[in-house]
Structures are given as C-alpha cells and as structure tokens.
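Visitor: This is the structure, below, for whatever I ask next.
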Amino acid sequence: MTVRIIAKLDVKPPYVVKPVHFEGLRKVGNPSELAKKYYDQGADELFYIDIVSSLYQREILFNEIEQVANKLFIPFAAGGGVKSIDDFSKMLHMGADKVVINTHVVQKDPDIIDKAAKIFGSQAIVVNIEAKKWENYWECYTDCGRIQGQKDVLHWVKEIEERGAGEVLLQSVDTDGRCRGFDIELASKVVNLVNIPVVVSSGAGSLEDIKALIEVAHPSGVAIASLLHYDRVTIHDIKKYLNNNEVVS
Amino acid sequence: MSNIIGIVNYGIAGNIHSIKKAVERAGGNTLVINKPSDFSLVDKLIIPGVGSFKDGMQELENDNFINPIQEFSKPILGICLGMQIMADLGFEFGKTKGLGLISAEVKLILCDGKIPHVGFNKINVKNPNVLLDGVENEEFYFMHSYEMVNYTDITALTKYNNHSFVSAIHKGSLYGVQFHPEKSREAGIRLLSNFIKL
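As they're listed, the protein sequences go chains A and B.
Everything in the first sequence is counted per our numbering, starting at 6 for the first residue and increasing by one.
Everything in the second sequence is counted per our numbering, starting at 164 for the first residue and increasing by one.
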C-alpha cells in the first residue's frame, strides 16, 4: 500500500512553530493557511499538535482547531493537552477525525486509551510517542520532549496497542527538527512490534531520507514538518519522487 | 422541490462537523437530526460513522432513532460505521444487534496488513450505480478495523494487502460506503453530490 504522506503542524497558538530537538521555537506561519497549503499540495492527512498545551497546563484551544479543520477535506488528527473523554469528544466535534494523546497517558492515566477506544473506536486514537535514545533503550518523553516519562518505548507501544490505540505517531527527541534523517532503527523496531499503523516523524531533511525510512522500516505513514515549512520540497514533490523510485511500504 | 439532507447526530462519537461541511460544499442543504421528529423534515439521510458498533447502536437506541431510521423510506447513505450498523449483527466489543436493514454481519478484518486499514485506497466497481458515477477510478480515504461480510448487494470492493473487502453497497434506497467521502478530497464531494441529486 502507498505510504501516507502527512503534513504535521506543531502549533503554539496562534502560530505554527518549529522546534529543533523539541526546543528553540521558531514561528513559521498561520495554522489554517499552512493547512490549506498542504491540502492543496496533496497531503494525505494533516496532524495538528498544540505542543505547549500540556507543558503550560492550559485548556485546549478548540476554536483554533476548528478553524484549521474547516479548510480540509482530508483526515485531520489533532492533539495537545488532551486529558479526558470530554476532550476527545470536543476534538472530534470540532472536526478532528483522530485525537492525538501523549503526556496524560504516560504520566497519569493510560486507562483513558481503553475507554476512548471503546467509545470512539480505535481508529480515532493516536498515541504520540516522543522517544529519546539512551545507551540500550528508548525512553518515552512527555510535554513536548521536556519530561522523562520513565517508560521503555518498546514496552509502551505494545501496551497501548493492547489497550486499543489505533495508531502510533512515533517522534524522536534526538532527530526532530534537525533535518538529518530519521531514527530508522527505532522506527523499524516499533513497526515490527505492533500490528497497528505507525506514522514516523522527526528527521526528514531530504527526499532520500524519506525513501530510506520507508524502504527499511516500512511505516504506514511519514509525517513531515520542517522540510515543508521551509518550502524545500512540496508534498507533490515527495509523492512524485517516491512514485518514480517505486518506493512502497 | 426541497432537498434537505438530514445528518443523524448520535452520541458523542460522531463527526457531524466534517459531514455537514462536505455536504454543503457538494451543494446540499443540511439539517442535523437531534430528535426523532426531525426525520420527517428531511428528504435524504446520512448516517455518519465514527465510533464502535456497540456504542453506536446504544446511542441510537437512547435517542429513539432506531425506528425512525428503519421506517425512513427515502434514500439513506451510511458512511463507515453508518454503513456497518445497517447490518443485522456486529462483532465489535461483543455481539450487537444492528439496524437490520440489510442481511449482513460486521466482523474484524483478518488479513496480512496492519489494522486499522488507514489511508487512501482505490475502489473496484463491481456494479456501477449513480452514487459512484464519475468516481470509479478515484481513491477514497479509509479508516476502519471492521468489514461487512456475508453480503451480496455489493457495488464496489477494495483490496488491502491482497484482502478484498466490501467498500460500497446499494440495495433499493439504501446506500453505504466503507470509506469517508467527507475526507476524500474532490472525489468525495462528487460522490456526495451524486447522493444529493438522487
């Protein structure tokens, strides 16, 4: 099957920002304008993550999410600061098709995955993993790569799958925003461990990086931020390149 | 002639917003159905689908929507779970009775690929109909773990890792699609426009 090419907006309302290693935020634009731009370029999906909501412990800004959703006729996943079934419900009603969750389930209440899967269906639950590599394992981080989650990524992905998550968004604190390639070793391990789709993010610096990731790790999707934000390539370029090189997952 | 598309709002799981927006883009007028008496105000019905078979049916029952849907004689389009719950029986979180509009069952997809099946995929039209007019060669967005089985009034199949499953059905005034037209770019808008014009 064709690998989904997903545009990822890391948002610090009211701006899309782009951190390097999840830090040093730079403004890159307006969320709904960028969403429309990537939709027009042929994105298969869009991910919107309010990256400071958990960190600042403030309420989710649902209006911002609704404005982005309004521009799109493709799947839209939204997250950042999700803490309750009510948050899931509001996100979905604002036009999100999938809800992305990390901090709350790692730190406090993993049971919410089971509950949400039962109510909304597994397909609506995306668990975001912010992995950091240590000498011989990867640790889950939370709050936009700030806080150590004290969970082993490879154990955690199995757990969330069993609990009913429908998809993994796999990000790497080490490679994010550097545009020097993905953590392919981690991606391969996670894809092989679980039966649910894995979307890999963090590290695309070139078309070759994306090709290498897909050919080695076989993810279901690739989420791209910096490479698109700085107009180095378009989604159309990526799809054409993968198609010409016959890259399939 | 009035032509109002009713969108069944059941429970906390629905993606009413997306459907409403897409139907309006396709040129339709919409009415979100919040109570049983609303069914008499609309000319066509869309049953959206986000959530599980079990909770979906429970919500329809709580809202007293089961009878009005079963008795609705004008065209109905079920989307994803909205198509699945037209069946007799669903096997998601136990065994649940469906709307029983069509003789089919809904079961977990068993195949070599990752589940849920997520992403854009082609439809292979088996029996052309008005709903699929002009979109036969397009790709649509799928997001599901369950599929309709033991069913014969199939208009399209879709292949996922060599596993073929039912992606569109049609029987009388009932239409169903496993994919999400509201998330399938212009092809989806075209399909909704075909439904509006029925």
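Virtual Cβ for every residue (Gly too), placed ideally from N, Cα, C.
Verify the CB distance criterion: does residue 179/B have a CB-CB separation below 8 Å to chain A?
Guide: yes
Visitor: Might you give, ordered along the chain, the residues of its own chain that have their beta carbon closer than 8 Å to the beta carbon of residue 118/A, omitting 5 neighbours on each side?
Guide: 106, 110, 130, 132, 165, 168, 169 and 170
Visitor: For the segment 171 to 240 of chain A, list the alpha helix (DSSP H) runs that are entirely contained and at least 4 residues long, ordered along the chain.
Guide: 189 to 198, 212 to 222 and 231 to 234
Visitor: Check this for me: beta carbons of residue 284/B and residue 323/B, under 8 Å apart or not?
Guide: Less than 8 Å divides the Cβ of residue 284/B from the Cβ of residue 323/B.
Visitor: Exposed or buried, which one is residue 29/A when buried takes at least 16 other CB atoms within 10 Å?
Guide: exposed
Visitor: Return the chain-ordered list of same chain residues with a C-beta closer than 7 Å to the C-beta of residue 214/A, the five sequence neighbours on each side being excluded.
Guide: 186, 187 and 208
Visitor: Closer than 6 Å by C-beta to residue 223/B: which residues in its own chain qualify, once you throw out the five before and the five after it? Chain order, please.
Guide: 173 and 229
Visitor: Please report whether the beta-carbon of residue 67/A lies at a distance below 8 Å from any beta-carbon of chain B.
Guide: no
Visitor: Going by DSSP, what residue range makes up the beta strand (DSSP E) through residue 84/A?
Guide: 81 to 84
Visitor: If I follow the unbroken alpha helix (DSSP H) through residue 181/B, where does it start and stop?
Guide: 179 to 188
Visitor: Residue ranges of each alpha helix (DSSP H) run of no fewer than 4 residues wholly in the segment 19 to 67 of chain A, ordered along the chain?
Guide: Within the segment 19 to 67 of chain A, the complete alpha helix (DSSP H) runs of at least 4 residues are 36 to 46 and 58 to 61.
Visitor: For residue 79/A, collect the residues of the same chain with a Cβ closer than 7 Å to its Cβ; drop the 5 residues on either side in sequence, then sort them by chain order.
Guide: 44, 48, 49, 50 and 51
Visitor: Can you tell me whether residue 248/B is helix, strand or coil according to DSSP?
Guide: coil
Visitor: Answer with yes or no whether the minimum CB distance from residue 278/B to chain E is below 8 Å.
Guide: Protein chains in the displayed structure are A and B, and chain E is not among them.
Visitor: Considering only residues of the segment 80 to 145 of chain A, which uninterrupted alpha helix (DSSP H) runs meet the minimum length of 4 residues and lie entirely inside it, listed in chain order?
Guide: 90 to 98, 108 to 112 and 116 to 125
Visitor: Listed from N- to C-terminal order along the chain, which residues in the segment 163 to 195 of chain A have their beta-carbon within a distance smaller than 7 Å of any beta-carbon of chain B?
Guide: 171 and 172
Visitor: Is residue 243/A helix, strand or coil when you go by DSSP?
Guide: In the displayed model, residue 243/A falls within a helix according to three-state DSSP.
Visitor: Can you tell which of 59/A, 55/A and 61/A has the C-alpha that lies nearest to the C-alpha of residue 68/A?
Guide: 55/A
Visitor: Are the C-beta atoms of residue 225/A and some chain B residue less than 8 Å apart?
Guide: yes
Visitor: Are there 16 or more other CB atoms within 10 angstroms of the CB of residue 167/B, so buried, or fewer, so exposed?
Guide: Flag for residue 167/B reads exposed.
Visitor: Nearest to residue 273/B by CA position, among 238/B, 310/B, 289/B and 329/B, is which residue?
Guide: The alpha carbon of residue 273/B has as its nearest neighbour, out of 238/B, 310/B, 289/B and 329/B, the alpha carbon of 310/B.
Visitor: Taking Cβ positions only, does residue 119/A come closer than 8 Å to chain B?
Guide: Residue 119/A does not count as touching chain B.
Visitor: If I follow the unbroken beta strand (DSSP E) through residue 262/B, where does it start and stop?
Guide: Per DSSP, residue 262/B belongs to no beta strand (DSSP E) and is neither H nor E.
Visitor: Buried or exposed for residue 204/B, going by 16 or more other Cβ atoms inside 10 Å?
Guide: exposed
Visitor: Is residue 77/A buried or exposed, if buried means 16 or more other CB atoms sit within 10 Å of its CB?
Guide: buried
Visitor: According to a CB-to-CB cut-off of less than 7 Å, which residues of the segment 81 to 99 of chain A neighbour chain B?
Guide: Those would be 94, 97, 98 and 99, in chain order.
Visitor: Can you find the residues in the same chain that come closer than 8 Å, C-beta to C-beta, to residue 261/B, ignoring five residues on each side of it along the sequence?
Guide: Only 216, 220, 247, 248, 249, 250, 251, 252, 253 and 269 meet the Cβ criterion.
Visitor: For residue 32/A and residue 136/A, I'd like the C-alpha separation in whole angstroms.
Guide: 24 Å
Visitor: Please list, in chain order, all residues of the same chain as residue 180/B whose beta carbon is under 8 Å from its beta carbon, the five residues on each side excluded.
Guide: none
Visitor: So with CB distances below 9 Å, who are the chain B contacts of residue 49/A?
Guide: For residue 49/A, the chain B residues whose Cβ falls inside 9 Å of its Cβ are 282, 283 and 304, in order along the chain.
Visitor: Leaving out the 5 sequence neighbours to the left and right, which residues in its chain are closer than 7 Å to residue 252/A when beta-carbon positions are compared?
Guide: 216, 219 and 220
Visitor: What residue does the alpha helix (DSSP H) around residue 348/B start on, and which one ends it?
Guide: 348 to 359
Visitor: Can you find the residues in the same chain that come closer than 8 Å, C-beta to C-beta, to residue 127/A, ignoring five residues on each side of it along the sequence?
Guide: So the qualifying residues of the chain are 169, 170, 171 and 201.
Visitor: How far does the beta strand (DSSP E) with residue 307/B in it reach, from first residue to last?
Guide: 302 to 307
Visitor: Strictly under 8 Å for the Cβ-Cβ distance: is residue 250/B near chain A by that measure?
Guide: no
Visitor: For residue 282/B, which residues does DSSP report across the bridge?
Guide: 305/B
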